[in-house]
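Inspection log for the structure reproduced underneath, given as C-alpha cells.
Residue numbers (our numbering): 8 to 746.
Below is the structure:
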C-alpha cells in the first residue's frame with residue numbers, strides 16, 4: 008500500500024504515459040544533459056521507475072545525455088555516467104542512488120559504507136488518473152484553474168472569474184472528492200455562488216486527479232475520486248546550494264490585466280527557503296460580442312512561503328503557508344451574469360471578499376528503509392467569504408439597506424502513515440483525522456455545523472508478476488456530526504477499493520479496471536444557507552458512493568491510444584436548503600459515460616486529441632446547475648485537440664489547442680438546451696538563456712472571439728439567466744526570468 012501523498016512526489020505526466028517499464032523492457036529515450044535531479048524526474052516520468060536518494064546527493068551534478076532505444080536500466084547507467092553517483096536495484100522498477108566508489112591514489116577502489124535506502128515500490132497507475140506536471144503547466148501558462156485543466160474534456164471548470172470557479176470531474180462537483188493542497192484537506196463549501204478552491208496557478212508544480220476510483224490513502228471523503236495540488240519549493244528552482252530569484256509578468260489586453268509574480272529562494276546545507284508573491288489588477292473584460300461583463304475586474308493577491316530543513320540522516324521537516332485574497336465587485340451572484348425578474352433594488356454587482364489560507368507541517372524521511380518510510384502531515388486550512396446582504400428599501404426610499412454577511416469554513420487535519428516495502432510492492436498503513444467547522448454570521452442570525460472524523464486505512468500496491476499490477480485497500484471512518492441546533496450524531500462506515508492493470512501485449516497494450524465503494528459521513532452544509540432552526544429529525548444520512556471504471560491503453564512507436572468507460576453513483580448526497588424542514592434533504596446522483604484519446608509524441612513535441620461523452624442525472628432526472636449545486640453539472644459531448652513543437656536551435660516553442668463542446672439537449676421539460684461552442688488558443692514562446700533564462704511568450708486566447716460560457720457555468724438552462732460569459736479574444740504577453 009503506497010500513499011497518495013507519496014504518489015504526488017513521484018513523477019507527473021498524462022495518464023496514458025504512466026506505464027511502468029520493467030528493467031529489461033526497451034524504451035526510446037531522448038534526454039538532454041541537464042541538472043541531475045531534473046534528469047531523474049524525466050527518466051521516472053517516462054519509465055514509471057521510482058528512484059530514492061538523499062536530498063543533497065544530486066546537488067551540483069549534471070546528467071549525461073541519453074538518446075536511443077534501450078532498457079531503462081541501461082538508460083539509467085548512461086544518465087549517471089561520470090556524475091559520481093551510482094545505483095542499486097531494489098525491485099523490478101525501483102532503484103536507490105548512492106555516491107560512486109572513489110579510487111585511492113594507489114588505484115584500489117575505496118569501498119564506501121552502504122547506504123540503507125529503499126525506493127517506493129513498483130505501483131500501478133490509477134485506472135483513471137490524470138497528472139498535470141510542471142512542464143505541462145509551464146506549457147499551458149495558466150492564469151486560472153480552467154486553464155490548468157485545459158485539454159481534459161472530462162474535467163470542467165465553471166465560471167470565468169477565478170473566485171467563483173468550481174471544478175467538476177466526470178460531471179461531479181469537487182466537494183464530493185477528496186481535495187488537498189500540499190496534503191492539507193480542503194473544506195470550502197462556503198457560498199454556492201463562490202468558487203470552491205481558489206488557488207494561484209503560478210504556485211503549482213503538479214496536479215493529480217483520480218477520477219472515480221481513489222485509493223484509501225487519498226483521505227476521507229473521496230467519494231467520486233480525489234484532486235491533489237502540490238506547490239513548488241526551493242528545490243524546483245535550485246539544484247544545489249545557493250540563492251536565486253524568479254520574476255514573471257504578464258499583460259492581458261482584454262481588460263488590461265497586469266499579473267506580476269516574484270519569487271526568492273535559497274538552499275544551504277540542508278536548509279531551504281522560498282517566498283513567492285503575486286499581485287494581479289485589471290478592469291472588466293469584454294465577451295466575444297464586445298460587451299463589458301459586469302463584475303469581472305481583477306484584484307487578486309496571493310503568496311506562498313516555505314521553510315524546510317533536511318538532516319544528513321535524511322529527516323526532512325517542512326512548513327508551508329499559502330494564502331490567496333480576492334477583493335473586487337462581482338456580479339450580485341458571483342457565478343451568474345444576471346438574473347431577470349429580481350427586485351429592482353438589488354444591485355447588478357456587490358463587493359465580495361474571499362480569503363483562503365493554508366498552513367501545513369510535513370515530516371518525511373528521505374532515506375527510508377524497507378520497513379521505515381514515514382510521513383506526518385498536520386495542517387490547518389480556512390476560507391472566509393464576506394459580502395453585503397441587501398434589504399428592501401423602507402417607505403418611499405429606493406435605496407436598499409445592507410449589512411455584512413460572513414461565511415467561514417475551516418479544517419484542522421492531519422495524517423500519520425508508513426509505507427512498508429514487501430518485495431513485490433508496498434503496503435501503506437496509517438491514520439488520519441479532521442475537525443471541520445462551517446459558520447455563517449450576520450447581524451440577524453448565526454449558525455454553525457461541525458464534524459470530527461478519525462480514520463484508519465491501508466492500501467496495497469503490488470506487482471505479483473511482471474505483467475500484472477494490483478492496488479487494493481480499505482479504510483474505516485468514525486464521524487461525530489453536530490448540527491446548527493447543537494444536536495449530535497455519531498456514524499461510522501468503511502470504504503473499499505480495488506484496481507489493477509495487465510499488460511496484454513507488453514510495451515504495446517495494457518488493460519485497466521477499478522471498483523470502489525466509498526463512505527463519506529455527513530457532509531457539512533453550505534454556510535450561506537445554514538439555518539439555526541433546522542429540524543434534523545433522526546439525523547442527516549451519511550453519503551455513500553460506488554465507482555466502476557475499465558479501459559485500455561495502447562502504445563506503438565510514439566503513438567498512444569486510450570479509452571475508458573465509467574459509472575459513478577452517489578447515494579444520499581446532502582443538499583439542504585434554508586427552509587427549516589430541508590436541513591436533511593439528500594439526493595441521489597449518477598454519472599456515466601466514456602472517454603477516448605489519441606496522441607503522438609516525438610522528440611521535440613506532441614499532438615493529442617480527446618473526446619468525452621458524459622451523462623449526469625440527479626434523482627433520475629437530467630442534471631441542471633441549480634439542482635446540482637454542490638452536486639453535479641450537465642456535461643454532454645466534448646472534444647479537445649492540442650499540441651506543441653519546439654525548435655531547439657532557435658529555443659522556440661509554439662502550439663495550439665482547440666475545444667469543441669456540442670449542443671446538449673438532455674434537459675428537463677421546460678429548460679433550455681445548452682448551446683455548444685468552439686474555442687481556439689495559440690501561443691509562441693522564445694527562451695533566451697544568455698539573459699537570465701529570459702522567456703518571452705505571446706498567447707492568443709479565444710482566437711475567433713466566440714461568445715460563450717463554459718459548459719459547467721451556472722444557469723444556462725434557465726431563460727431568466729444570463730450566464731457569466733468567458734472573455735472574448737485576448738492577447739496575453741508574458742515575460743519571465745530567473746536570477
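Note that the Cβ used here is the ideal one computed from N, Cα and C, for glycine as well.
This structure is a prediction, so every number in the text was calculated from the model and none was measured.
Which residue's Cα is closest to the Cα of residue i: the options?
| i | options | result |
| --- | --- | --- |
| residue 596 | 434, 590, 586 and 634 | 634 |
| residue 283 | 704, 321 and 241 | 241 |
| residue 677 | 338, 725 and 717 | 725 |
| residue 480 | 681, 466 and 291 | 466 |
| residue 739 | 258, 397, 526 and 279 | 258 |
| residue 499 | 590, 551, 142 and 711 | 551 |
| residue 371 | 102, 326, 628 and 452 | 326 |
| residue 679 | 641, 649 and 687 | 641 |
| residue 414 | 149, 455, 708 and 653 | 455 |
| residue 272 | 249, 286, 60 and 264 | 249 |
| residue 464 | 225, 512, 655 and 493 | 225 |
| residue 101 | 658, 432 and 735 | 432 |
| residue 705 | 674, 663 and 210 | 663 |
| residue 239 | 329, 267 and 227 | 329 |
| residue 660 | 147, 107 and 276 | 147 |
| residue 554 | 648, 521 and 712 | 521 |
| residue 411 | 448, 442, 379 and 376 | 448 |
| residue 393 | 559, 201 and 207 | 201 |
| residue 732 | 47, 343, 639 and 247 | 343 |
| residue 708 | 735, 700 and 699 | 735 |
| residue 235 | 591, 206, 243 and 252 | 206 |
| residue 303 | 285, 339 and 395 | 339 |
| residue 187 | 557, 177 and 232 | 232 |
| residue 658 | 300, 693 and 490 | 693 |
| residue 219 | 575, 639, 543 and 683 | 575 |
For the alpha helix (DSSP H) that contains residue i, what are its first and last residues?
| i | result |
| --- | --- |
| residue 589 | Careful: residue 589 lies outside any alpha helix (DSSP H) and carries neither H nor E. |
| residue 82 | 79-87 |
| residue 524 | Premise fails: residue 524 lies in the beta strand (DSSP E), 516-528, not in any alpha helix (DSSP H). |
| residue 153 | 152-155 |
| residue 749 | Residue 749 cannot be examined here, being either before or after the span of the chain that is shown, 8 to 746. |
| residue 308 | Unbroken run through residue 308 is the beta strand (DSSP E), 305-317; no alpha helix (DSSP H). |
| residue 145 | 141-147 |
Starting from residue i, trace the beta strand (DSSP E) both ways and give me its first and last residue.
| i | result |
| --- | --- |
| residue 397 | 381-398 |
| residue 730 | 728-730 |
| residue 51 | Counting along the chain, residue 51 falls outside any beta strand (DSSP E), though it belongs to the alpha helix (DSSP H) covering 43-54. |
| residue 255 | 249-259 |
| residue 685 | 684-695 |
| residue 279 | 278-289 |
| residue 618 | 612-625 |
| residue 679 | Taken as a continuous stretch (DSSP letters only), residue 679 belongs to no beta strand (DSSP E), as it is neither H nor E. |
| residue 574 | 566-581 |
| residue 266 | 264-275 |
Give me the DSSP bridge partner(s) of residue i.
| i | result |
| --- | --- |
| residue 338 | 356 |
| residue 173 | 165 |
| residue 466 | 435 and 480 |
| residue 411 | 395 |
| residue 349 | Note: residue 349 sits in no beta bridge, so no partner. |
| residue 505 | 479 and 522 |
| residue 708 | 737 |
| residue 742 | 256 and 703 |
| residue 293 | 299 |
| residue 657 | Answer by DSSP bridge pairing: none, since residue 657 is not bridged. |
| residue 328 | 312 and 366 |
Just checking: is the beta-carbon of residue i within a distance shorter than 8 Å of some beta-carbon in chain C?
| i | result |
| --- | --- |
| residue 173 | The structure shown contains no chain C; it is built from a single protein chain. |
Cβ contact (3+ pairs, closer than 8 Å) linking the segment 505-520 and the segment 536-543:
no
Do the segment 156-174 and the segment 609-625 make contact, defined as three or more Cβ pairs closer than 8 Å?
yes
For the 8 Å Cβ check, are there 3 or more pairs between the segment 712-728 and the segment 666-681?
yes
Given 8 Å, three or more beta-carbon pairs between the segment 598-610 and the segment 565-580:
yes
Inter-stretch contact at 8 Å, needing at least 3 Cβ pairs: the segment 86-96 / the segment 190-209:
no
For the segment 258-269 against the segment 76-87, do three or more pairs of beta-carbon atoms, one drawn from each stretch, fall closer than 8 Å, so that the two count as touching?
no
Which runs of the beta strand (DSSP E), 3 residues or longer, sit entirely within the segment 170-244?
173-176, 185-188, 211-218 and 232-238
Would you say the segment 325-342 touches the segment 357-369, given that touching needs at least three Cβ pairs under 8 Å?
yes
Are at least three pairs of beta-carbons, each pair with one atom in the segment 469-480 and one in the segment 488-499, less than 8 Å apart?
no
Give a yes or no on contact between the segment 419-429 and the segment 381-392, applying the rule of three or more CB pairs nearer than 8 Å.
yes
Within 8 Å, do at least three Cβ pairs link the segment 677-697 to the segment 163-170?
no
Evaluate contact between the segment 274-291 and the segment 304-316, counting only Cβ atoms and requiring at least three cross-stretch pairs below 8 Å.
yes
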